[in-house]
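Worksheet: the structure to be examined is printed underneath.
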Amino acid sequence: MKVRSSLNQRLQKLPPYLFAELDRRKKAVLAKGVDLISLGVGDPDKPTPAHIVAAAKAALDRPEHHKYPFGSGLSDFRNAVASFMKKRFHVELDANTEIYSLIGSKEGIGHLPLGVINERD
17 MKVRSSLNQR LQKLPPYLFA ELDRRKKAVL AKGVDLISLG VGDPDKPTPA HIVAAAKAAL
77 DRPEHHKYPF GSGLSDFRNA VASFMKKRFH VELDANTEIY SLIGSKEGIG HLPLGVINER
137 D
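When we follow the working numbering, the leftmost residue of the sequence shown carries the number 17, and every step to the right adds one.
The following block contains the structure:
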């Protein structure tokens with residue numbers, strides 16, 4: 017039995033992912049030996065500082081970090097974000113009502129309109 021599936025109309029209307037196309041083009045140019053400065057996705061090109069690696073390793077040894085955070089994420093993280101925003105940008109945010117932990121910016125950018133915009137708005 018052959019299973020057929022297709023993307024829904026909303027997904028079919030989406031343009032190709034820009035950075036995948038840029039990566040394809042970058043690889044083609046690099047394969048020709050061209051010296052290229054990439055201004056694409058902000059992938060790190062330098063090693064993570066040792067103190068950050070050490071802290072991440074230490075956190076992995078703590079069983080409470082072996083679970084997914086529930087709901088809006090860990091309160092310590094949200095409080096740290098609020099502190100950073102105040103120190104860096106002089107913006108006061110409530111860690112319990114104005115900060116939400118995501119797995120990445122694309123998740124937030126993609127899901128936010130689905131949560132706040134009604135069909136035909």
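Cβ coordinates follow ideal geometry from the N, Cα and C atoms, glycine included.
Count the other CB atoms, across all protein chains shown, that sit within 10 Å of the CB of residue i; report buried if there are 16 or more and exposed otherwise.
i	result
arginine 94	buried
Hey, residue i and residue j: beta-carbon distance below 8 Å or not?
i	j	result
phenylalanine 35	valine 57	yes
lysine 117	serine 99	Looking at the sequence shown, residue 117 is not lysine but serine. No, they are not a contact pair.
In chain order, what residues of the same chain have a beta carbon less than 7 Å from the beta carbon of residue i, not counting five sequence neighbours either side?
i	result
proline 101	Note on identity: in this sequence residue 101 is methionine, with proline being the wrong assignment. Taken in chain order, the residues that qualify are Val107 and Leu109.
Below 6 Å CB to CB, which residues in the same chain sit around residue i once its five sequence neighbours on both sides are set aside?
i	result
alanine 111	Arg94, Asn95 and Ala98
Please go through the same chain and pick out, in chain order, the residues whose beta-carbon is closer than 8 Å to the beta-carbon of residue i, but skip the five residues on each side of it.
i	result
leucine 52	Lys42, Val45 and Leu46
Can you round the beta-carbon distance between residue i and residue j to whole angstroms, since I take them to be within the 8 Å contact cut?
i	j	result
histidine 81	alanine 75	5 Å
Determine, using beta carbons only, whether residue i comes closer than 8 Å to chain D.
i	result
lysine 42	As a matter of chain content, chain D is missing from the structure shown, which is built from one protein chain.
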